[in-house]
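In full-length UniProt numbering, the protein residues as written are 1 to 154. Idealized CB from N, CA, C, for every residue including glycine. Reading through the structure tokens given below for one structure.
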Amino acid sequence: LYRHLNVMDNITLALCKVFGMPGQLAREKALHELQKLDMVSHSAKYPSQLSGGQQQRVALARTMVTDPELIIFDEPTSALDPLMTHEVGMLIKQLHDNGVTILCVTHDIRLARLLSDNVTFLNHGKIRAEGAFTDLALRETDPDIHCFFSEAQR
1 LYRHLNVMDN ITLALCKVFG MPGQLAREKA LHELQKLDMV SHSAKYPSQL
51 SGGQQQRVAL ARTMVTDPEL IIFDEPTSAL DPLMTHEVGM LIKQLHDNGV
101 TILCVTHDIR LARLLSDNVT FLNHGKIRAE GAFTDLALRE TDPDIHCFFS
151 EAQR
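Pasting the structure below:
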């Protein structure tokens, strides 16, 4: 997020500058996304006034207003408490269910299970296994990979 812009301006900047959307229409679209994320009351706040989870939701709203076909997430839940982790995971799943292609890098095995159609397991920069989550979790014989996937069962 841009630290010198409030939430509303962070979300509407690309809509106005890149997509040429009129300001009022951009604000309406931003409010619609903020409402989905229960963040309307924070629209005048600056990033420094928000928690990590709130900042994450604003960043997600900023992405969603552009109606993307693909979103790449890098550890989207790493700075969140357990409740927010679940909420953000469900929001990302909803995007996927609505037809957005999701590429998510995560160490959160529960999030991977929730979101994945396909999983690629990397270790030291090399692909060690690839396939459906359930196939890897149940059938993988590599001890490191089996141990990692067993975390999802806890």
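- Residue nearest to Cys147 within the set Leu25, Phe121, Leu31, Met90 is Phe121 (criterion: CA-CA distance).
- Judged by beta-carbon spacing, Leu91 lies within the 9 angstroms limit of Lys36, meaning their Cβ atoms are closer than that value.
- The C-alpha of Phe19 lies about 28 angstroms from the C-alpha of Gly52.
- In the three-state scheme derived from DSSP, where H, G and I count as helix and E and B as strand, Phe133 is classed as helix.
- The Cβ neighbour count for Glu69, taken over all protein chains shown within 10 Å, is under 16; the residue is labelled exposed.
- Put simply, of Thr66, Val105, Leu114 the residue whose alpha carbon is nearest the alpha carbon of Glu87 is Leu114.
- The beta carbon of Leu83 sits closer than 6 angstroms to none of the beta carbons in its chain outside the five residues before and after it.
- Apart from sequence neighbours up to five positions away, the residues of its chain that approach Asn10 with a beta-carbon distance below 7 angstroms are Leu1, Tyr2, Val58, Arg62, ordered along the chain.
- The C-alpha of Met21 is placed about 23 angstroms away from the C-alpha of Leu95.
- One alpha carbon belongs to Arg110, the other to Leu103, and they sit about 15 angstroms apart.
- In the three-state DSSP reduction, Asn98 falls in the coil class, being neither helix nor strand.
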